[in-house]
Amino acid sequence: MNIKSIIGVMSCKGGVGKSTISVNLAVTLAYFFNKKVGLFDADLYGPNHPRLLGVCDTYEFDLNNKFLQPVSKYNLSSMSFGYFLNKNSSVLLRGPMISNTIKYLFDNTIWGDLDILIIDFPPGTGDIYLSLLRDINFAYMILITMPNLTSIDDIRKSIFMLKKFNIDIKILIENMKFFLCNNCYKVNHIYGNSEFGKNIADEFFIKNFFELPLLMDLSEASNFGIPFVLSEFCSKKNLDLFLEIAKIF
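As numbered in the working numbering, residues 7 to 255 make up the sequence shown, in order.
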């Protein structure tokens, strides 16, 4: 097993679109750049990758199994705790068990030879964060935020935490920056026309800053379990946004 580069996607704030962006960037790299890509869903409490990738089967989870086969779909090798959960199941795990489970999933998955492995972090700054940042050699991080001060406050926490681990931040994405009307094509800044994301990028010398729109069609694609960049809902203009980000990898 040889993984050339491990990249994290994170934001202390939940609901910013981190998992959706992780999945679509991974698929973009695999489909349009012919990269061998792995995708690891590190959220044990609310894993979303099964829904986003349209994986309906439930697999048997057994800590005695030495190796786990990743799910192959859309040219990706992916692993998520959600693959082992009934859709109505909830996860009740405490700190040590959380750390052990995430380590088991990551270490025991047969990733094979990969160009890139993307790790989609959960929200918050708890045990999973500490375990991953301590045990894995990340090439760099991608941070996701939204154009409001609550998200910006939390992204600062992410930045200072990464500084403690000496991990480089290569990309900052401000998601849902604006909404483009499909009828009149007017740009609406539903969270206000602020420069919060750009200011953070400038303050912490993050060279690659991107603004993504709020996309109703992205939600439609997710409902069908199809990555947005491969769906009929994705326009060339929106695909180009993901292609531009993926070029930096």
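For each residue, glycine too, the CB sits at the ideal point set by N, CA and C.
Given the structure is predicted, the values throughout are model-derived calculations rather than measurements.
Contacting residues, own chain, Cβ-Cβ under 6 Å from V43 (five flanking each side not counted): Counted from its first residue, the sequence shown places residue 43 at position 37. Excluding sequence neighbours, V43 sits near A32, L35, A36, L82 and I122.
Endpoints, beta strand (DSSP E) assigned at M222: On the sequence shown, position 216 is the one that residue 222 refers to. That residue, M222, is in no beta strand (DSSP E); its alpha helix (DSSP H) goes M222 to N229.
Rounded to a whole number of angstroms, what is the C-alpha to C-alpha distance between I13 and I175? Residue numbering aside, residue 13 sits at position 7 when the sequence shown is read from its first letter. Residue numbering aside, residue 175 sits at position 169 when the sequence shown is read from its first letter. Cα to Cα, I13 sits roughly 10 Å from I175.
Backbone CA spacing between S237 and I125 [nearest angstrom]: Here residue 237 refers to the residue found at position 231 when the sequence shown is read from its first residue. Here residue 125 refers to the residue found at position 119 when the sequence shown is read from its first residue. Within the model, the alpha-carbon separation for S237 versus I125 is close to 23 Å.
Return the residue from the list Y89, L220, N181 and F171 that minimises the CA-CA distance to A145. Numbered from 1 along the sequence shown, position 139 holds the residue referred to as residue 145. Taking the Cα of A145 as reference, the smallest distance to any Cα among Y89, L220, N181 and F171 is reached at F171.
Considering Cα atoms alone, identify which of I206, L224 and F127 is closest to L186. Stepping through the sequence shown from its first residue, residue 186 is reached at position 180. The residue with the shortest Cα to Cα distance from L186 is L224.
Residue span of the alpha helix (DSSP H) that contains G44, given as start and end: Locating residue 44 in the sequence shown gives position 38, where the first residue counts as 1. From DSSP, G44 is part of no alpha helix (DSSP H) but of the beta strand (DSSP E) over V43 to D47.
Tell me where the beta strand (DSSP E) around N214 begins and ends. Stepping through the sequence shown from its first residue, residue 214 is reached at position 208. N214 -> beta strand (DSSP E) spans N214 to E217.
According to DSSP, is K253 part of a helix, a strand, or is it coil? Translated into positions along the sequence shown, residue 253 becomes position 247. Annotated three-state conformation of K253 is coil, per DSSP.
What do you get for V29, buried or exposed, if any count of 16 or more other CB atoms within 10 angstroms of its CB means buried? Here residue 29 refers to the residue found at position 23 of the sequence shown. Residue environment: V29 is assigned as buried (16 or more neighbouring CB atoms within 10 Å of its CB, all protein chains considered).
Nearest to F257 by alpha carbon, out of F38, P53, K72 and K79? Because the chain in this structure spans residues 7 to 255, residue 257 falls outside the shown range and cannot be described.
Any idea what DSSP makes of D159, helix, strand or coil? Here residue 159 refers to the residue found at position 153 of the sequence shown. Here D159 sits in helix by DSSP.
Between the beta-carbon of L221 and the beta-carbon of F234, is there less than 9 Å? Mapped onto the sequence shown, residue 221 falls at position 215. Mapped onto the sequence shown, residue 234 falls at position 228. Between L221 and F234, the gap from beta carbon to beta carbon is short of 9 Å.
Which residue spans inside the segment 97 to 178 form an unbroken beta strand (DSSP E) run of at least 3? Counting whole runs of 3 or more residues, the segment 97 to 178 contains the beta strand (DSSP E) stretches 120 to 126 and 146 to 151.
Can you give me the C-alpha to C-alpha distance between I177 and A252, rounded to a whole angstrom? Against the sequence shown, residue 177 aligns to sequence position 171. Against the sequence shown, residue 252 aligns to sequence position 246. Their Cα atoms are separated by approximately 10 Å.
Among the candidates A207, S200, K204 and D159, whose CA atom is the shortest distance from the CA of K19? Counting from 1 along the sequence shown, the entry for residue 19 is found at position 13. If we check each option's Cα against that of K19, D159 comes out closest.
Where the beta strand (DSSP E) through L82 begins and ends: Here residue 82 is taken as the residue at index 76 of the sequence shown, counted from 1. L82 -> beta strand (DSSP E) spans L82 to S86.
Applying the 10 Å Cβ sphere with the 16-neighbour rule, what's the burial state of F230? Translated into the one-based positions of the sequence shown, residue 230 becomes position 224. Label assigned to F230: exposed.
Can you give me the start and stop residues for the beta strand (DSSP E) that K17 sits inside? Counted from its first residue, the sequence shown places residue 17 at position 11. Per the sequence shown, the amino acid found at residue 17 is Ser instead of Lys. From DSSP, S17 is part of no beta strand (DSSP E); its letter is neither H nor E.
For L247, name the three-state secondary structure that DSSP assigns. One-based indexing of the sequence shown puts residue 247 at position 241. Three-state result, L247: helix.
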